[in-house]
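So the sequence shown is residues 610 to 882, counted in the working numbering. Backbone N, C-alpha and C define an ideal beta-carbon position, used for all residues, glycine too. Predicted, not measured: the structure shown is a model, and the values here were computed from it. One structure is given here, and the rest of the page talks about it.
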Amino acid sequence: MTWLKLTETELFLMEGGTNQFLDKVAVDPNSSGSPNEFQLDLTEVKKWMTRGNPPIPGVMAIEWQTGVPATTQFVPPTPTLGVAASKFTEDIVKQIFFDAPRGNIRKYLPKVLHYLETVGLGDREAILMALATIRAETAGFEPISEFISRFNTVDGENPFALYDFRGDLGNGAFGDGARFKGRGFVQLTGKFNYTKFSKIIYNDDRLVQVPDLANDPDVAAKLLAQFLKVNENCWRSALRDNDFVAARKCVNGGTHGLSNFQTAFLKGKELVP
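The structure is reproduced here in structure tokens:
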């Protein structure tokens, strides 16, 4: 369900039941000064309903006072998958993620496959790369936040303080480490990456302003797809040489989770020949 949220300055087209917006137009207070009156240019709003591949899939529900979507529900149709993606069924993926809740696979797998296809990564090798990456980053097949560990936190110091001034992550202030810690299926980390992929996906800085959006299931699936797309030449070259260490480094920057990554890739290759 897509819904509208009205503030004193902008009218937002909101996505599903999330707090992220798809588009926005400015709102001008009425010259009468009445708090219940406003003016806006309907030209852009009309485009929401008429442009190709409109973001409004069906029913719009409007709650002017609280910004909370009304109870009217819209269930979008299941995306049609290509030949390769359709082979990665819930049962197949469950064998790769043997210790993950089946409900997570049922809930998130369609989103992962759909967004991989939207960026041109619907082939077998790319899907195996994506699943292996998820296996290495979040074995439960769900978008999660990075855990505190010796790699990001020193005993007695603030969580993720070791990330605070990491230039390679684009962090340059106290608190940046915790604010831009790893999130989602791909564990997006660092202000640089939050800025870069927010620009790619939304053409704005909303992920920088609200980093927790990276754990929203739709956003997490989009980030996984876009991250793999940006680094496509790197991991495809590594996989051609069967170099799983290099392929893992293309996404992670290191070899964290390498064993799970390689095992998942090879298991998926066996299950989907």
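Alpha-carbon spacing of residue i relative to residue j, whole angstroms
i      : j      : result
LYS831 : ILE810 : 8 Å
ARG711 : LEU725 : 21 Å
THR804 : PHE836 : 13 Å
LEU740 : VAL636 : 43 Å
GLN796 : GLU746 : 7 Å
CYS843 : GLY862 : 12 Å
LEU737 : PHE707 : 16 Å
ASN824 : ARG792 : 6 Å
LYS800 : ASN812 : 16 Å
PRO752 : VAL634 : 31 Å
LEU816 : SER695 : 31 Å
ASP777 : LEU848 : 25 Å
PRO700 : HIS723 : Residue identity differs from the one stated: residue 700 is Asp in this sequence, not Pro. C-alpha separation (whole angstroms): 17 Å.
GLY784 : ILE757 : 14 Å
CYS859 : LEU730 : 16 Å
THR616 : GLU841 : 40 Å
Residue span of the beta strand (DSSP E) that contains residue i, given as start and end
i      : result
GLU619 : 619–623
As assigned by DSSP and simplified to three states, the class of residue i
i      : result
VAL614 : The residue asked about is misnamed: residue 614 is Lys in this sequence, not Val. LYS614: strand per DSSP, three-state reduction.
ALA635 : strand
GLY793 : strand
ILE757 : coil
GLU766 : coil
PHE706 : coil
ALA782 : coil
THR680 : Reliability fails at THR680, whose pLDDT of 43 lies under 50, so the model's placement of it is uncertain and no value is given.
ARG775 : coil
PHE870 : helix
PRO882 : coil
PRO752 : coil
VAL819 : coil
Beta carbon proximity, residue i to chain C, threshold 8 Å
i      : result
ALA830 : Protein chain content of the structure displayed is limited to a single chain, and chain C is not contained in it.
Residue interval of the alpha helix (DSSP H) (run including residue i)
i      : result
GLN835 : 826–839
LYS696 : Premise fails: LYS696 is in no alpha helix (DSSP H) and is neither H nor E.
ASN802 : 800–811
ASN861 : 853–861
Residue i vs residue j beta-carbon contact at 8 Å
i      : j      : result
PHE774 : GLY765 : no
ASN761 : PHE769 : yes
PHE794 : ILE743 : yes
LEU867 : VAL854 : yes
ARG733 : ALA693 : yes
ALA735 : ALA709 : no
LEU718 : VAL702 : yes
THR798 : PHE806 : no
Go through the region 718–750 residue by residue and report every complete run of the alpha helix (DSSP H) that reaches 4 residues or more, in order.
-> 733–746
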